[in-house]
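These notes are about the structure you will find just below.
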Amino acid sequence: MNISIEERLGLVSFEIDNEKHIKVDTSLCSECDEKTCLYFCPTKRFTLENGKIKHDYEGCIECGTCKFACPKGVVDFNYPRGGYGVYYKYG
Ligand code: SF4
Ligand code: SF4
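Per my numbering, the very first residue in the sequence shown carries number 1; after that it's consecutive.
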């Protein structure tokens, strides 16, 4: 069954922290030809805007893929503070 990202995110809810739990040092992104973050993030938190990588931590499902899959290791992934982050409604 194919369901959209928006429909998938409808199965979870978020308590958004004002403190970013993921920080991306984008200073090396211009040297990254692959830009694999545009593909590996299951919730499409990485986007390319005007040639620059943007990361939006809201809507992150805390899978941790970006911590290991970024070829330049510029993603500083941490879990959100207690009481914040994703809540899974099912499963
Ligand atoms: S994969 Fe990593 S280094 Fe490459 S553009 Fe994305 S965040 Fe930047
Ligand atoms: S932890 Fe997973 S969902 Fe969150 S930004 Fe990284 S790859 Fe995307």
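Beta carbons: idealized from backbone N, C-alpha and C, even for Gly.
* **G64 and F77 closer than 8 Å at C-beta** => On the sequence shown, position 64 is the one that residue 64 refers to. On the sequence shown, position 77 is the one that residue 77 refers to. Yes, the Cβ-Cβ distance between G64 and F77 is below 8 Å.
* Asked: Where does the unbroken alpha helix (DSSP H) through I5 begin, and where does it stop?
  -> What you label residue 5 is simply residue 5 of the sequence shown in a count that begins at 1. Looking at the DSSP string, the run of the alpha helix (DSSP H) that includes I5 is 5 to 9.
* Exposed or buried, which one is P42 when buried takes at least 16 other CB atoms within 10 Å? -> By one-based count along the sequence shown, residue 42 stands at place 42. Burial call: exposed.
* To do: State whether the region 49 to 62 contacts the region 21 to 34, with contact taken as three or more CB pairs (one from each stretch) at a distance under 8 Å.
  => yes
* **C-beta atoms of C37 and C66 nearer than 8 Å** => The residue labelled residue 37 in the question sits at position 37 within the sequence shown. The residue labelled residue 66 in the question sits at position 66 within the sequence shown. In this structure, C66 lies closer than 8 Å to C37 by Cβ.
* **Any non-hydrogen atom of ligand 1 closer than 7 Å to F46 Cβ** => The residue you call residue 46 lines up with position 46 of the sequence shown. Yes, ligand 1 has a heavy atom inside 7 Å of this Cβ.
* Asked: Where do the N-terminal and C-terminal ends of the alpha helix (DSSP H) with L38 fall, by residue?
  -> Position 38 of the sequence shown, counted from the first residue, corresponds to residue 38. 37 to 40 is the span of the alpha helix (DSSP H), which, as asked, contains L38.
* To do: Please say whether I16 and E62 have beta carbons closer to each other than 8 Å?
  => Mapped onto the sequence shown, residue 62 falls at position 62. Mapped onto the sequence shown, residue 16 falls at position 16. Cβ atoms of E62 and I16: not closer than 8 Å.
* **8 Å Cβ cutoff met for H21 and Y87** => The residue given as residue 21 occupies position 21 in the sequence shown. The residue given as residue 87 occupies position 87 in the sequence shown. Not in contact: H21 and Y87 (Cβ atoms no closer than 8 Å).
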